[in-house]
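Engineer: A single structure is presented below for examination.
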Amino acid sequence: MTKLKKTAAVLSLAATAVLSPCTLNHDTLFFSAPKALAKGQGDFICEEQMHGKTYVVARTTVKASPEKVFHILSDYDHAEKVFPQVKHCKLVADKGASKLISHQIAPSGVPGTYEYVLEVKESAPNALEWHRISGDFKQVEGYWKLEPADGGHATNVTYASFVDGGLFIPQMLIRRQCKIDMAGVLNTLKMTAESGSSVQIANRPAHPADHVQ
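Numbers in this note's numbering are just positions in the sequence shown, counted from 1, shifted up by 12.
Printed below as a string of structure tokens:
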């Protein structure tokens, strides 16, 4: 039954992979982000070669400190309350700067869910890197890079992802789906971080210094 669900999800992904406007610029493919994301200057999603793999890379500027953005991203047990594609996220092992996180995700427009465990390496408050340990897909890798801007009151955010679905899921379809969902993730991150309300961080409120000034 599980194999049948995965097959249906792949077929649906192929059926819904409608071509989106894009422009070829040298070796980088730029993707037109949704209007909600595209309103900000400098927001874009592209494909970049890293370590012999084609990553989807999204960038934006968030009007909040790197500390606040990092807290939101590393609040694993509450990720499903922030990011709509995350249906379940749980810290399963804490080794200090290295953590094991179980995920259940539901890509937008695709029936069914996918589950995997990632090892996440934290470099607070400037970066998170991850790779797949077990579960669905052959490889899941990526990182968040958070660079201070505007005297520390804003953050230049880079979000990179590489997913290898194996023989039965073409890379072109995976990258197109990543572009769609990563745009939504960045938009949600911006709205959450730039709101004036406190953000729950692992059952504790964010530090007042992390609030937008």
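Just so you know, even glycine gets a beta-carbon here, dropped at the ideal spot from N, CA and C.
1) Tell me the DSSP secondary structure of Pro78 in three-state form.
2) With a CB to CB cut of under 8 Å and the five nearest residues on each side skipped, what residues in its chain are close to Asp148?
3) Under the DSSP definition of a beta bridge, which residues are partnered with Asp176?
4) Please give me, in chain order, every unbroken run of the beta strand (DSSP E) with length at least 3 that falls completely inside the region 76 to 151.
5) Between Ala76 and Glu206, how many whole angstroms is the CB-CB distance? I'm expecting something under 8 Å.
6) What residue does the alpha helix (DSSP H) around Ile181 start on, and which one ends it?
7) Please report how far the alpha carbon of Leu185 lies from the alpha carbon of Glu59, in whole angstroms.
8) Could you tell me how far apart the beta carbons of Thr200 and Pro78 are, in whole angstroms, since I believe they sit closer than 8 Å?
9) Return the bridge partner residues of Cys190 from the DSSP annotation.
10) Measure the alpha-carbon distance for Lys80 versus Arg144 and round it to whole angstroms.
11) What does the alpha-carbon distance come out to for the pair His83 and Trp156?
12) Can you give me the Cβ contacts of Lys99 inside the same chain, cut-off strictly under 8 Å, excluding the 5 residues immediately before and after it?
13) Between the alpha carbons of Gly164 and Phe180, how many angstroms are there, rounded?
14) Using the rule of at least 16 other Cβ atoms within 10 Å of the residue's Cβ for burial, across every protein chain shown, is Gln189 buried or exposed?
15) Less than 9 Å separating the beta-carbons of Met177 and Ser120?
16) Which whole-angstrom value is the C-beta distance of Tyr171 and Met194, which I expect to be below 8 Å?
17) Can you list, in chain order, the residues of its chain with a C-beta nearer than 7 Å to that of Leu130? Leave out the 5 residues immediately preceding and following it.
18) Rounded to a whole number of angstroms, what is the C-alpha to C-alpha distance between Asp55 and Asp106?
19) Quick check on the burial criterion: 16 or more other C-beta atoms within 10 angstroms. Buried or exposed for Asp87?
20) Can you find the residues in the same chain that come closer than 6 Å, C-beta to C-beta, to Glu159, ignoring five residues on each side of it along the sequence?
21) Given this structure, state the Cα-to-Cα distance separating Pro182 from Lys111, to the nearest angstrom.
22) Have a look at Ser173 and Asp162 and give me their C-alpha separation to the nearest angstrom.
Structural biologist: Inspection of the coordinates gives the following:
1) As a working mapping, residue 78 is identified with position 66 in the sequence shown. If DSSP states are grouped into helix, strand and coil, Pro78 belongs with the helices.
2) The residue given as residue 148 occupies position 136 in the sequence shown. Answer for Asp148: Lys18, Tyr126, Glu127 and Tyr128, listed in chain order.
3) As a first step, residue 176 must be located in the sequence shown, where it is residue number 164. BP columns for Asp176 point to Gln151.
4) 98 to 107, 110 to 117, 126 to 135 and 139 to 147
5) Taking the sequence shown and counting its residues from 1, one reaches residue 76 at position 64. Taking the sequence shown and counting its residues from 1, one reaches residue 206 at position 194. Contact flag correct, Cβ pair sits at about 6 Å.
6) Translated into the one-based positions of the sequence shown, residue 181 becomes position 169. Annotation for Ile181: no alpha helix (DSSP H) segment contains it, and DSSP assigns it neither H nor E.
7) If you number the sequence shown from 1, residue 185 lands on position 173. If you number the sequence shown from 1, residue 59 lands on position 47. Looking at the two C-alpha atoms, the distance is approximately 13 Å.
8) Here the question's residue 200 lines up with position 188 in the sequence shown. Here the question's residue 78 lines up with position 66 in the sequence shown. Rounded, the Cβ-Cβ distance is 18 Å, inconsistent with contact.
9) Locating residue 190 in the sequence shown gives position 178, where the first residue counts as 1. Paired residues: none, contrary to the question.
10) Taking the first residue of the sequence shown as 1, we reach residue 80 at position 68. Taking the first residue of the sequence shown as 1, we reach residue 144 at position 132. Taking the straight line joining both Cα atoms gives about 26 Å.
11) Against the sequence shown, residue 83 aligns to sequence position 71. Against the sequence shown, residue 156 aligns to sequence position 144. Whole-angstrom Cα-Cα distance: 12 Å.
12) Working through the sequence shown from its first residue, we reach residue 99 at position 87. Excluding positions up to five away in sequence, the list reads Glu92, Gln116, Ile117, Ala118 and Thr125.
13) Here residue 164 is taken as the residue at index 152 of the sequence shown, counted from 1. Here residue 180 is taken as the residue at index 168 of the sequence shown, counted from 1. Cα to Cα, the separation comes out at about 45 Å.
14) Position 177 of the sequence shown, counting from 1, holds the residue named residue 189. Its Cβ being crowded by 16 or more others within 10 Å, Gln189 is buried.
15) Locating residue 177 in the sequence shown gives position 165, counting from the first residue. Locating residue 120 in the sequence shown gives position 108, counting from the first residue. In the sequence under discussion, the amino acid at residue 177 is Gly, which differs from the Met named in the question. The answer is no: Cβ separation not under 9 Å.
16) Mapped onto the sequence shown, residue 171 falls at position 159. Mapped onto the sequence shown, residue 194 falls at position 182. Their Cβ separation, rounded to whole angstroms, is 6 Å, which keeps Tyr171 and Met194 in contact under 8 Å.
17) Numbered from its first residue, the sequence shown carries residue 130 at position 118. Excluding sequence neighbours, Leu130 sits near Ile113, His115, Trp142, His143, Arg144, Ile145 and Val152.
18) Numbered from 1 along the sequence shown, position 43 holds the residue referred to as residue 55. Numbered from 1 along the sequence shown, position 94 holds the residue referred to as residue 106. C-alpha separation (whole angstroms): 33 Å.
19) As a position in the sequence shown, residue 87 is number 75, starting the count at 1. Classification of Asp87: buried, given that the 10 Å Cβ count is 16 or more.
20) As a first step, residue 159 must be located in the sequence shown, where it is residue number 147. Asn168, listed in sequence order.
21) To locate residue 182, count along the sequence shown from 1; it is residue 170. To locate residue 111, count along the sequence shown from 1; it is residue 99. One C-alpha to the other measures close to 30 Å.
22) Taking the sequence shown and counting its residues from 1, the one referred to as residue 173 is at position 161. Taking the sequence shown and counting its residues from 1, the one referred to as residue 162 is at position 150. So the alpha carbons of these two residues sit roughly 26 Å apart.
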